[in-house]
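Trainee: Residue numbers (this note's numbering), protein chains in the order written: chain A, 1091 to 1365; chain B, 1091 to 1365; chain C, 163 to 426; chain D, 163 to 426; chain E, 708 to 1035. In this text, a Cβ means the ideal position worked out from N, Cα and C, and glycines have one as well.
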Amino acid sequence: MKKRVINRFPGQGAAAVLGLLPFLLLLLAYAWGSQVRLEANPEDKLLPAMSSLAAAVERVALEPNRRTGELQLWADSAASLQRLAAGLAVASLLALVTGLATGMVPYVRAALAPFVRVLSMVPPMAILPILFIVFGLGELSKVVLIVLGIAPCMMRDLQQRVMELPSEQLVKAQTLGAHSGQILWRVVLPQTLPRLIDSLRLNLGPAFLFLIAAEAIAAESGLGYRIFLVRRYLAMDTILPYVVWITLLAFLMDLALRGVSRWAFPWFHQGQERA
Amino acid sequence: MKKRVINRFPGQGAAAVLGLLPFLLLLLAYAWGSQVRLEANPEDKLLPAMSSLAAAVERVALEPNRRTGELQLWADSAASLQRLAAGLAVASLLALVTGLATGMVPYVRAALAPFVRVLSMVPPMAILPILFIVFGLGELSKVVLIVLGIAPCMMRDLQQRVMELPSEQLVKAQTLGAHSGQILWRVVLPQTLPRLIDSLRLNLGPAFLFLIAAEAIAAESGLGYRIFLVRRYLAMDTILPYVVWITLLAFLMDLALRGVSRWAFPWFHQGQERA
Amino acid sequence: MGALLEVKQVWKEYGSSIVLEKLNLTVKEGEFCTIVGTSGCGKTTFLRMLLGQEGPSRGTLLLDGKPMPAEPGPDRGIVFQRYSVFPHMSVLDNVTFGLEVTRSRLLGRLFGGARRKAREEAAAMLAQVGLGHALERYPSELSGGMQQRLAIAQALIKKPRILLLDEPFGALDPGIRADMHALVLKLWKESGLTIFMITHDLKEGFKLGTRLLVFDKPRLDAQAPNRYGATITYDLAIGRDEPALLDEIQGAVTETSRFIHDSR
Amino acid sequence: MGALLEVKQVWKEYGSSIVLEKLNLTVKEGEFCTIVGTSGCGKTTFLRMLLGQEGPSRGTLLLDGKPMPAEPGPDRGIVFQRYSVFPHMSVLDNVTFGLEVTRSRLLGRLFGGARRKAREEAAAMLAQVGLGHALERYPSELSGGMQQRLAIAQALIKKPRILLLDEPFGALDPGIRADMHALVLKLWKESGLTIFMITHDLKEGFKLGTRLLVFDKPRLDAQAPNRYGATITYDLAIGRDEPALLDEIQGAVTETSRFIHDSR
Amino acid sequence: KDKYRVAWTIYVGWMPWDYAAQQGIVKKWADKYGIEIEVVQVNDYVESINQYTAGAFDGCVMTNMDALTIPAAGGVDSTALIVGDFSNGNDGVVLKGKTALKDIKGQKVNLVELSVSHYLLARALETVGLAEKDIKVVNTSDADIVAAYATPDVTAAVTWNPLLSEVRAMPKTALVFDSSKIPGEIIDLMVVNTAKLDKNPALGKALAGAWYETMALMSKNDAAGKAARSAMAKASGTDLAGFDAQLASTKMFYKPADAVAFTTSAQLPATMQKVAKFSFEHGLLGEGASSENFIGIGYPGGKTSGDKSKVKLRFTDQYMKLAADGKL
Ligand SMILES: Nc1ncnc2c1ncn2[C@@H]1O[C@H](COP(=O)(O)OP(=O)(O)OP(=O)(O)O)[C@@H](O)[C@H]1O
Ligand SMILES: Nc1ncnc2c1ncn2[C@@H]1O[C@H](COP(=O)(O)OP(=O)(O)OP(=O)(O)O)[C@@H](O)[C@H]1O
Ligand SMILES: [Mg+2]
Ligand SMILES: [Mg+2]
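1) Given this structure, state the Cα-to-Cα distance separating Pro-869 (chain E) from Val-1206 (chain A), to the nearest angstrom.
2) Let me check you understand the geometry: is the CB of Lys-279 (chain C) closer than 7 Å to at least one non-hydrogen atom of ligand 4?
3) Taking all protein chains shown into account, decide if Phe-1300 (chain A) is buried (16 or more other Cβ within 10 angstroms of its Cβ) or exposed.
4) Please list the terminal residues of the continuous alpha helix (DSSP H) segment that includes Tyr-1315 (chain B).
5) Is Lys-205 (chain D) near ligand 4, with its Cβ less than 7 Å from a heavy atom?
6) Tell me, please, whether the region 1301-1309 of chain A touches the region 1155-1173 of chain A by the rule of three or more beta-carbon pairs shorter than 8 Å.
7) Please tell me whether Leu-318 (chain D) and Ala-284 (chain D) are closer than 8 Å, where the distance is taken between their beta carbons.
8) So for Gly-199 (chain D), helix, strand or coil by DSSP?
9) Out of curiosity, what's the CA-to-CA distance linking Val-257 (chain D) and Ile-324 (chain C)?
10) Select from B:Leu-1338, B:Gly-1103, B:Pro-1331, B:Ile-1273 the residue whose C-alpha is nearest the C-alpha of Asn-1097 (chain A).
11) Quick one, which residues of the region 197-218 of chain D are near chain A if we go by CB-CB under 8 Å, in chain order?
12) By Cβ distance below 7 Å, which residues in the same chain neighbour Pro-1284 (chain B) in space, the five residues on each side in sequence not counted?
13) Expressed to the nearest angstrom, what Euclidean distance is found between the alpha-carbon atoms of Asn-1293 (chain B) and Ile-1240 (chain B)?
14) Just checking my contact of Thr-393 (chain C) with Lys-184 (chain C) at CB under 8 Å: how many whole Å lie between their CB atoms?
15) Per DSSP, Cys-767 (chain E) is paired with what?
16) Using the three-state DSSP reduction, which class does Asn-868 (chain E) fall into: helix, strand or coil?
17) Under three-state DSSP, which class holds Lys-183 (chain D)?
18) In this structure, how does DSSP classify Ile-893 (chain E) when only helix, strand and coil are distinguished?
19) State the beta-bridge partners of Glu-175 (chain D) as determined by DSSP.
20) From the beta carbon of Ala-317 (chain D), is the nearest beta carbon of chain A less than 8 Å away?
21) Looking at the structure shown, is Val-241 (chain C) part of a helix, part of a strand, or coil, going by DSSP?
22) Could you name the residues that DSSP lists as bridge partners for Tyr-396 (chain D)?
23) Confirm the yes/no value for this check: CB of Asp-328 (chain D), any heavy atom of ligand 4, distance under 7 Å.
24) Within the present structure, is the beta-carbon of Gly-202 (chain C) separated from the nearest heavy atom of ligand 1 by less than 7 Å?
25) Measure the alpha-carbon distance for Ala-1365 (chain B) versus Leu-1290 (chain B) and round it to whole angstroms.
26) Rounded to whole angstroms, what is the Cα-Cα separation between Glu-1363 (chain B) and Met-939 (chain E)?
27) Using a Cβ-based criterion (distance less than 7 Å to any ligand heavy atom), does Gly-199 (chain C) qualify as near ligand 1?
28) Output yes or no for whether 8 Å exceeds the beta carbon distance between Ile-1236 (chain A) and Ala-1146 (chain A).
29) Per the DSSP calculation, Lys-228 (chain C) is bridged to which residue(s)?
30) Is Tyr-396 (chain C) near ligand 1 - that is, is its Cβ less than 7 Å away from at least one heavy atom of it?
31) Does the region 782-801 of chain E touch the region 925-945 of chain E, meaning 3 or more C-beta pairs lie closer than 8 Å?
32) Return no unless some Cβ of chain C is closer than 8 Å to the Cβ of Val-1277 (chain B).
33) Just to confirm before moving on: does the CB-CB distance between Tyr-1006 (chain E) and Pro-963 (chain E) stay below 8 Å?
34) Below 8 Å on the Cβ atoms is my contact criterion, and I expect Val-1333 (chain B) with Ala-1216 (chain A) to pass it. Report the Cβ-Cβ distance as a whole number of Å.
35) What does Leu-1292 (chain A) reach in chain E if we use C-beta pairs closer than 7 Å?
36) Taking CB distances under 8 Å as the criterion, tell me whether Glu-410 (chain C) reaches chain D.
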């Protein structure tokens, strides 16, 4: 019998095939576009052939760079990931501390919440010159850009999450004789950590964005540096694999964070599945 | 009697004063830093004196530009806001359509959800060159960057929100004899609209970011264009008022969206306050 | 008149866990079946099968002698414990909706005279359930009891042959609940509906139904609590007060309940 | 022995709406007060005042002859209908927590022998409520009834003088509820606690309490439903079955309930 | 009617394009030759060239080095239609706290990597016997180089005007090398797509006509000339004095005849050889390039350098000559 479309579910196999379809279509569209352009101009750099892409990948990933002797892709990834990790770590720490303080203590909330709210609306790119002067041009300013880009949102998010904890729990802890510090440390903090990971996952995309922006402005290595450098001679054969690689990295980091959260905070995810 | 800090709430007046405090401190810190730098070097451009800022504001906001005869700030704002509005509108529409389709129809979800998920991880900045080439340097490419920057996240968000609608409602609608189209149109869509506004509010910040990034590369007017133009000369007396102005615009847009949502979807907010 | 609903040797399994086993039941038009049983024993699952949301793993389910449709449809109305009404529509629109979707297949919206007529019908239905004074409110402005009245009116406007109620009054306070009982009985008597109502409250089951179905696991295995499914252990025609029987059922159900929840 | 709790002419208002008015009550140590009343009539508000979360708008609240502390403290334990336990702690940790926070003021954590001892105490408490076999599970792995047992154990480990229960069994199914009744009565008898328990179920109130407090609005004003607050309309010592009285109270409460919910 | 789009970016030597477009000079000449020309400002220099290379523009302003490494290396046959000027001090190397170029050894140098700044630096290092490995290059976007230079971290930078003048104004800063020491090597061009030009030479004629009309206007020191330069100054974010100062370090070819002479001189092929060598060494000719001669460059009179079978960048004096001869 014919069912409504909202009641028809694909089987596992069909779902997998369907899920791959858009990727295949994109690939085909690319291959077609590339061929058309290359037929018009064999030197065209905009949509290189798959073979050129493969060659470029091999070159950047496996052959030592002529000038520096490094394996370029890995060196760039290492530089970028270090910056990213530092930025994410600092932002998380800030968000955790501020989120807990504003979420739990009404006076701190009154003082900081409006400021954080406004701060989260400031476009960080626009105040880059000040960042440079204050934090120098080195690694620090790149990390600071990431932090400035994502921390205010994370702070607001965590404040919200802390305030969403059922007030019953806080009352209960008080009736058990806990003081504010103990409630923070033993009741609120542990429950905030998985929510912090959630927030971090949401902010991975923006963090990569700010990383790339920072590296585009002043750097000696890094994924964003490379993309903006080779953009000078329209080397899409390098840019495209880098974009795919960044996407993959973001994807894997997201998966890893989810895995960590499930492993470290099983009670959080059990609860979620129930709800 | 001494209460735990988590149980102590500031009065309305105290809260207002506390909320203003960080802003005042920032202002003071700026004034102090500016003075120190200007004493060391009266030509310093990084932290201009308040009086220079005021003069710059007057110049950009009130005096017609000699060359074009326009009031610069307003012309820039108009150009940027048009792009932003177009970007937000297109992204919202895309997110709404995709979110509804993937949220409601399992087959469409199987086909598109993985793709959208990966898409949302692609750093749009990295593919800027491609964007400009495909969509040209006109208004279109700027709008596209905004759309590409925020639409994938909004799509995922809306899909989530659609799927969170209690399945009881869909079953109920079916027992009332509604077909999929009617359920979409009369049950799911109206309930998705306020959630779309929520999602839009969350994505205002990123939208401004992409707007500025796009204008930095190719534009003849706009807030981001101006900031990047005068950044070459470190004209902080123009940049800082522009940053404050952008922040204010974002803030007001956020407020306005919230107002619209409350006005248009009272049932949504009544429900929220209860929960 | 033949049977309205026939359930023959129905099993329902999810993966390796058996929820229902060897279910047999025949229900005639106009019966009021109340269903009780401990939490998690498959009452809602049974209702979902009647709705068409789920098919049986084994066995057959016949409605009017024909296989049960694989989807919910307007011949079987439903009221859930919560989320039964549309929060974005006024009370009146909630009820009119059911008329609009069948009278305007394309848009699901009526205009002009047709609209006025549908709204009048809906208003009449709402008056019957005692919501005549609240037509323009949103559900969030109603109390729990009023929301459930609305959900019932919404279902009844379609004149379904079967009305399914899944713990419809579970969230209401006892006073309001008694009023709802009176309402449901009145509507049932007036309309000749066939009703299946799940309740946690055995007394409610006794009070309302013409027939009481008790879902229970006849065999309990502490090692594998999901090894055996529930089935109908009592199927009683009621109409009298039987305190001893009530106690007996209560005892059996409670035991299963303790067993299931402690062995989780 | 003087009164444990004295409530004298207490009013509670939120803005212009009066929730409670002219409340007077004296409770001696060891009483088991059950509180019934229609939804929204201020039962939880009263409990919050006993907790110290809210102060009265007018009147005085004395605990042991001294003003009620302005904050919750370990002398008054509480069990809510939901969210009473910490989802990120195992069953054992949930109960040990109460011991740790007073024995280790700085860290809120015990180590070595002190830890072992606290855990043993907690395990003994858990055994009393029948959770001896589930020490290492997380609350999300427990059934609703087990979670409430855990919440009770958690409160009792602090040996509070007063135990406050806000519809603790409202979400449980009837069989399990009967077991919980037995448990609470046992614990109350053994410990000499003073208990305040809110329930929606008048029968439950009659069955458990030594004293039944009915919160109700004595005056109803259809124009301004919040013009008059609720107060204690019945204050009965119980111990016998009084079906007529039960019906009378039920009638009064239901009327208020209908009134409030229809005039919203 | 054929429609063409040409791109320009803010730089002292290219501001006349904006002025010519604003004042309707371009339209006038386009009308004369029966075509339409849209002059588009692009904020980001590299992006404008990329766009040109990808086919979004029919013409674009750029330096000789970028013309070789981006469009020509990308297979887009391009013609240097107008040689507008060469940098004569407009690009420079600055040091903070030091005054001699050889002190640059061991320092980090902030510049737009792989740009003419990079080339200038390489040439500068040669003059004091250093090589690129003796310093460390930090890629810094042009829009931020002024702010970057204001930080203590940055001790050496290479950049161009108007950024250079901003940087030089900062305390303890010395200009240790500039393009006036390698005159004629950094050349600012209007480059157009050869195929488009061959198909309709009106494009070349209209652009040349508009350019030299503007040149004549702005080179005068009368009120009209000052007004023109003031407008250009304003558009590039400075004032007349600042703009004139930048012009002073730019060797503008106000007269088409001068440009023709420069283009036909023997110095040009020699310069382009150096540029090609630099570009090849830095991988700018693409990974497929086997030597600095991988791409052919054509000069007036049929001369070429590099691979003759792959001439992708052509210098021509044809249109400038028409202007010089008053035949436009
Ligand atoms: N889609 C599903 N997949 C797997 N197991 C399911 C699914 N739906 C229900 N179950 C399981 O089937 C059993 C019966 O669930 P059901 O909701 O029918 O119980 P119930 O009798 O309605 O309980 P309650 O009184 O709590 O509503 C439960 O153990 C539940 O976990
Ligand atoms: N913080 C508050 N501000 C304003 N009004 C409040 C507040 N807390 C409670 N009320 C109001 O006080 C009244 C009593 O609420 P309370 O929760 O005490 O009722 P209750 O008797 O416990 O009801 P229920 O049986 O539904 O739990 C309600 O009308 C409620 O809206
Ligand atoms: Mg159920
Ligand atoms: Mg309550």
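Mentor: Taking the definition as stated:
1) 38 Å
2) no
3) buried
4) 1313-1321
5) yes
6) yes
7) no
8) strand
9) 49 Å
10) B:Ile-1273
11) Leu-213, Gln-215
12) Ser-1351, Phe-1355, Phe-1358
13) 6 Å
14) 5 Å
15) E:Ala-714, E:Val-898
16) coil
17) Before going further, note that residue 183 (chain D) is Glu rather than Lys in the sequence given. Strand, per DSSP.
18) coil
19) D:Ile-180
20) yes
21) strand
22) D:Val-376
23) yes
24) yes
25) With a pLDDT of only 37 at Ala-1365 (chain B), under 50, the local geometry of the prediction cannot be trusted, and the value read off the model is given with reservation. Cα to Cα, the separation comes out at about 22 Å.
26) Below a pLDDT of 50, predicted positions are generally treated as unreliable, and Glu-1363 (chain B), at 49, falls in that range; the measurement from the model is reported next regardless. Going by the C-alpha atoms only, they are around 58 Å apart.
27) yes
28) no
29) C:Leu-225
30) no
31) no
32) yes
33) no
34) 5 Å
35) Here the premise fails: no neighbours, minimum Cβ distance about 29 Å.
36) no
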